[in-house]
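Participant: Using the UniProt record's numbering, read the sequence shown as starting at 1 and increasing by one per residue.
Quick one: the structure is below, questions incoming.
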Amino acid sequence: MTHPSMQTKIGTIDTIGGDPAAAAVERGWHALDPRMLDLMTLAPGDVDIWVAIVADAPDAELSVQFDEVLIEEERKKHAKFLFEKDRRRYLVTRSLVRYVLSRYMPIAPADWRFEATAFGRPVIANAHPGVSGFTFNISHSDRVVVLGVTRERRLGIDVEDIDREMPLDVADRFFSAIEVQQLQSLPAHLQPARFLDFWTLKESYIKACGKGLSLPLDQFGFDFRGEAPLRVHFDPRLNDAPENWSFRQWRPCADSVAALCVENRPTLSTRIAVRRVVPFVREQEMAFDVLRRSA
């Protein structure tokens with residue numbers, strides 16, 4: 001059963017249909033400045049998810065335009081990557097953050113500044129009224145980058161490629177007893193996929209909490225079998241409860257699995273919208289086809 005405060009908004013509305021975005025694409029993948037578009041509204045109950053497929057991003061000429069929005073520190077980090085695929089993914093990741101934030105607030109993409117919390121989570125450092133209560137979280141795999149944004153609540157997101165080689169031997173140390181039991185009950189060829197299901201859900205929760213790996217991974221876990229709703233359980237030492245959170249798991253593309261964790265607020269009725277985007281080029285809404293969700 002879906003949490004009563006959760007609704008899903010889906011659609012396939014291509015935002016490139018008219019000026020100025022269509023004109024930008026017709027000119028040959030020229031950069032699209034988010035300031036050319038109307039600012040998007042993000043009400044306190046909204047959760048927007050942005051999906052960037054790394055392979056969607058055009059090559060050399062647009063990479064130069066991506067690079068123009070990075071600050072010096074990001075340029076230096078980009079230059080340190082040995083492999084082109086890593087440099088490309090980094091450009092898409094950092095460009096996605098800057099593009100998306102500028103869709104909600106009148107700040108130029110290159111002007112965004114960030115700082116890290118004590119647990120290493122990046123937060124916005126700009127002094128702007130719209131920043132208050134605004135939360136974002138980002139994750140990437142080799143193939144895809146996902147970014148979630150919301151207001152007035154905590155949020156965490158994680159994505160992994162399904163063909164990633166998983167260290168199944170760490171389950172005994174980092175998974176809860178229920179998760180280990182479910183994992184070991186499966187045939188060997190199904191265990192890697194289930195490991196990823198558990199891992200992305202666990203990562204989404206610790207990222208939403210904002211405390212990183214200081215949270216013991218074996219003190220909370222997930223239970224899902226067949227068509228039953230996803231259930232989460234917490235060790236009493238964590239002082240948390242399942243009703244505090246809503247979880248969703250889905251595939252942002254055919255080769256990846258992602259998980260979303262959103263803090264429940266009794267006064268908020270949540271809408272989830274998903275957009276596929278090539279930063280500074282195009283964006284369109286996409287369906288949010290959920291694999292499993294919490295009760």
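Here a beta-carbon is modelled for each residue, glycine too, at the ideal position from N, C-alpha and C.
Between leucine 213 and asparagine 137, what straight-line distance do the alpha-carbon atoms span, to the nearest angstrom?
Facilitator: Roughly 16 Å separates the two Cα atoms.
Participant: Distance check for valine 170 and isoleucine 13, CA to CA, integer angstroms please.
Facilitator: Low confidence applies here, because isoleucine 13 scores a pLDDT of 29, under 50, leaving its location unreliable; read the following figure in that light. Approximately 43 Å between the Cα atoms of the pair.
Participant: I'd like the span of the beta strand (DSSP E) that includes isoleucine 49, first residue to last.
Facilitator: Looking at the DSSP string, the run of the beta strand (DSSP E) that includes isoleucine 49 is 46-53.
Participant: Checking the sheet assignment: what are the DSSP bridge partners for asparagine 137?
Facilitator: Answer by DSSP bridge pairing, in chain order: Gly148.
Participant: Can you tell which of Arg293, Ala52 and Pro242 has the C-alpha that lies nearest to the C-alpha of aspartate 92?
Facilitator: Just to set this straight, residue 92 is valine in the shown sequence, not aspartate. Here the closest residue by C-alpha is Ala52.
Participant: Within this structure, are the beta carbons of aspartate 240 and phenylalanine 247 separated by less than 8 Å?
Facilitator: Contact flag unset, no.
Participant: Using a Cβ-Cβ cutoff of less than 6 Å, which residues in the same chain neighbour proline 242 once the five nearest sequence positions on both sides are dropped?
Facilitator: Correct list, in chain order: Val232.
Participant: Going by DSSP, what residue range makes up the alpha helix (DSSP H) through valine 69?
Facilitator: First-last for valine 69: undefined, no H or E at that position.
Participant: I think glutamate 227 touches tryptophan 245, with their Cβ atoms under 8 Å apart; what is that distance to the nearest whole Å?
Facilitator: The pair is not a contact, with the Cβ atoms about 21 Å apart (cut-off 8 Å).
Participant: Under 7 Å Cβ to Cβ from phenylalanine 174, same chain only, skipping five residues before and after it: list those, please.
Facilitator: The answer, listed in chain order, is Leu217 and Asp218.
Participant: Give me, in chain order, the residues of the same chain whose beta-carbon lies closer than 6 Å to that of tyrosine 48; leave out the 5 immediate sequence neighbours on both sides.
Facilitator: Per the sequence presented here, residue 48 reads as aspartate, with tyrosine not at that position. Hits under 6 Å: Val149 and Ala273.
Participant: Would serine 95 pass as a contact of proline 279 if the rule is Cβ separation under 8 Å?
Facilitator: Contact flag set, yes.
Participant: Start and end of the alpha helix (DSSP H) containing threonine 93?
Facilitator: Note, threonine 93: alpha helix (DSSP H), 84-104.
Participant: Given this structure, state the Cα-to-Cα distance separating glycine 221 from arginine 237, to the nearest angstrom.
Facilitator: Using only the alpha carbons, I get a separation of about 13 Å.
Participant: Among all the DSSP beta bridges, which residues are the ones paired with glycine 221?
Facilitator: Paired residues: His233.
Participant: Could you compute how far the alpha carbon of leucine 215 sits from the alpha carbon of glycine 120?
Facilitator: Computed Cα separation, rounded: 14 Å.
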